[in-house]
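Mapped onto the numbering used here, the consecutive letters of the sequence shown carry residue numbers 1 to 326. Below is one structure, written out as structure tokens, with a few remarks after it.
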Amino acid sequence: MKKTALALTAALALSSFITPSASAAAFPDRPVRIVVPATAGGPSDLVARLMAERLGNLWGQSVVVENRTGGAQMIAARAVATAAPDGYSLLQGTSNMATNPIFHKEMPYDPADLIAVTRTHSTPMALVVHPSLPVDSVESLVAYIKKQPAELSFSTTGMGSSQQLAMLQLQQLAKLPPMTEVPYQGSSQGHPDLISGRVQLTIDPVAAVGPHIRSGAVKALAVTTSERLPSFPDIPTFAESGYPGVDLGGWGGVFVPSATPRPIVEQLRAAVGQVLEQPDVRQRMLDMGMVAQPDKDDAFQGFVLSERERLAKVVADAGLNPHEKK
């Protein structure tokens, strides 16, 4: 892990010495694509489509969104890691960029082949259950699970996902017995089963599950943020519910191939930041359950590395062997 961290840092530094081509000065002069590693309708997809619209207006160029799911989001990451390092292929990455090196000994790309440009948003998460469960708080859910864990299943977006790690934290803190995990390729893909009751609970991004909370299709018991969300003021935090250790939220940001010239990296960061500072964009993201969070420097690169170290400790403290064959 330290080797990978050094490689990533070196890659970022190296990009500052690459001389921009003639086309870099006029970047972008042709369509740009944003590759999304999740299904349509999830937080990453919603952000990417909003960004595509506004970046297209800003640049006067077409910006297209391309959904590539599967492989714990590594299929999409590889598509960008192996693309031409010219700024025309962007990855709308998620927290899997920090967790995949923890959970996968072999990856279809080298994490050092991507550099983090800027965060786009943070995504609060909520513990939600099917309305048929006779619970109305985290405490009552914990008691219910302890009585009949074999009857319950929860959805995630796979190994190392924010959903899985947040549920892992809750299981460890509340000393819950094992439940059945049902992985999906994206948050929205698991919602039909959650709404129908085939899956009983999940800890999911508010951006994805918020409409179902408002409609009453699911019941929200807690949010992962330190304070209650203005958009859902009636939902208590995990800390209020007696479990302050469940503090994992989702996040997303833009990544590009590590050999991308530094001037283009800086142009991308500035353009994304300009879009995310627009008041109506910030409000739209709040309405979707997300918080716009652009970086003005290389802070996102350090954040990804620190998250990788922090979450590796979460996994180790839980006694989970991420490479164990199941």
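We treat Cβ as the ideally placed atom computed from N, Cα and C, and that holds for glycine. Quick caveat, the model's predicted, so the values are computed rather than measured.
Does the Cβ-Cβ distance between residue i and residue j come in under 8 Å?
{"i": "Gln-267", "j": "Phe-27", "result": "yes"}
{"i": "Ser-215", "j": "Ile-115", "result": "no"}
{"i": "Ser-137", "j": "Leu-55", "result": "no"}
{"i": "Gly-93", "j": "Gly-253", "result": "yes"}
{"i": "Ile-145", "j": "Leu-90", "result": "no"}
{"i": "Glu-277", "j": "Pro-261", "result": "no"}
{"i": "Leu-229", "j": "Pro-124", "result": "yes"}
{"i": "Glu-139", "j": "Ser-62", "result": "no"}
Residue i and residue j look like a contact to me (Cβ under 8 Å); what is the Cβ gap, rounded to whole Å?
{"i": "Asp-45", "j": "Ala-38", "result": "6 Å"}
{"i": "Ser-95", "j": "Glu-307", "result": "7 Å"}
{"i": "Phe-210", "j": "Gly-160", "result": "Before going further, note that residue 210 is Gly rather than Phe in the sequence given. With 8 Å as the limit, Gly-210 and Gly-160 do not qualify as a contact, their Cβ atoms being about 24 Å apart."}
{"i": "Arg-269", "j": "Thr-118", "result": "5 Å"}
{"i": "Leu-50", "j": "Val-281", "result": "7 Å"}
To the nearest angstrom, report how far apart residue i and residue j are at their CA atoms.
{"i": "Val-218", "j": "Ala-174", "result": "22 Å"}
{"i": "Met-167", "j": "Ile-203", "result": "7 Å"}
{"i": "Leu-170", "j": "Pro-263", "result": "43 Å"}
{"i": "Leu-152", "j": "Leu-165", "result": "18 Å"}
{"i": "Phe-303", "j": "Glu-309", "result": "10 Å"}
{"i": "Ser-21", "j": "Arg-78", "result": "Unreliable placement is indicated for Ser-21, whose pLDDT of 45 sits below 50; no coordinate value is reported for it."}
{"i": "Ser-132", "j": "Ala-143", "result": "16 Å"}
{"i": "Ala-48", "j": "Val-65", "result": "7 Å"}
{"i": "Ser-248", "j": "Met-107", "result": "In the sequence under discussion, the amino acid at residue 248 is Leu, which differs from the Ser named in the question. If I take the Cα positions, the gap works out to 24 Å."}
{"i": "Gln-163", "j": "Ser-188", "result": "13 Å"}
{"i": "Ser-23", "j": "Trp-59", "result": "In this predicted model, Ser-23 has a pLDDT of only 47, less than 50, meaning its place in the structure is not dependable enough to derive any value."}
{"i": "Ala-13", "j": "Gly-245", "result": "In this prediction, Ala-13 has a pLDDT of 48, which is less than 50 and means its spatial position is unreliable; what the coordinates show is noted afterwards. Rounded to the nearest angstrom, the two C-alpha atoms are 35 Å apart."}
{"i": "Pro-85", "j": "Ala-112", "result": "13 Å"}
{"i": "Glu-227", "j": "Phe-238", "result": "9 Å"}
{"i": "Gly-41", "j": "Ala-316", "result": "32 Å"}
{"i": "Val-36", "j": "Pro-236", "result": "31 Å"}
{"i": "Asn-57", "j": "Tyr-184", "result": "34 Å"}
{"i": "Met-74", "j": "Pro-279", "result": "33 Å"}
{"i": "Gly-190", "j": "Phe-300", "result": "29 Å"}
{"i": "Leu-141", "j": "Phe-154", "result": "13 Å"}
{"i": "Pro-234", "j": "Arg-284", "result": "The question names Pro, yet the displayed sequence has Asp at residue 234. So the two alpha carbons sit approximately 21 Å from each other."}
{"i": "Ser-196", "j": "Gly-158", "result": "20 Å"}
{"i": "Lys-105", "j": "Thr-82", "result": "19 Å"}
{"i": "Lys-296", "j": "Pro-192", "result": "39 Å"}
On a Cα-Cα basis, can you pick out the residue from the options that is closest to residue i?
{"i": "Gly-87", "options": "Lys-146, Arg-30, Val-304 and Ser-132", "result": "Arg-30"}
{"i": "Lys-313", "options": "Ala-239, Phe-103, Ser-215 and Asp-113", "result": "Phe-103"}
{"i": "Ser-255", "options": "Asn-57, Val-64, Arg-49 and Thr-120", "result": "Going by the sequence as given, residue 255 is Phe instead of Ser. Taking only the C-alpha atoms, the option nearest Phe-255 is Thr-120."}
{"i": "Ala-150", "options": "Thr-156, Asn-57, Ser-187 and Val-199", "result": "Val-199"}
{"i": "Asp-110", "options": "Val-80, Ser-153 and Thr-224", "result": "Val-80"}
{"i": "Leu-305", "options": "Met-97, Leu-50, Ala-316 and Ala-143", "result": "Met-97"}
{"i": "Thr-156", "options": "Met-107, Val-182 and Pro-177", "result": "Val-182"}
{"i": "Tyr-243", "options": "Pro-261, Val-223, Asp-234 and Trp-251", "result": "Val-223"}
{"i": "Phe-232", "options": "Leu-50, Arg-33, Ala-239 and Val-206", "result": "Val-206"}
{"i": "Ile-213", "options": "Gly-190, Gly-319 and Leu-127", "result": "Leu-127"}
{"i": "Trp-251", "options": "Val-36, Pro-43 and Val-32", "result": "Pro-43"}
{"i": "Gly-186", "options": "Asn-67, Gly-319 and Gly-60", "result": "Asn-67"}
{"i": "Ala-76", "options": "Asn-100, Ser-62, Asn-57 and Gln-172", "result": "Asn-100"}
{"i": "Thr-148", "options": "Val-315, Pro-177 and Gln-172", "result": "Rather than Thr, the amino acid found at residue 148 in this sequence is Gln. If we check each option's Cα against that of Gln-148, Pro-177 comes out closest."}
{"i": "Val-129", "options": "Tyr-184, Leu-194 and Ala-271", "result": "Leu-194"}
{"i": "Val-32", "options": "Leu-286, Ala-271 and Gly-319", "result": "Ala-271"}
{"i": "Val-291", "options": "Phe-154, Thr-225 and Met-179", "result": "Thr-225"}
{"i": "Leu-286", "options": "Ala-208, Lys-296 and Phe-154", "result": "Ala-208"}
{"i": "Gly-319", "options": "Gln-172, Leu-141 and Gln-73", "result": "Gln-172"}
{"i": "Thr-180", "options": "Leu-311, His-191, Leu-201 and Ser-196", "result": "Leu-201"}
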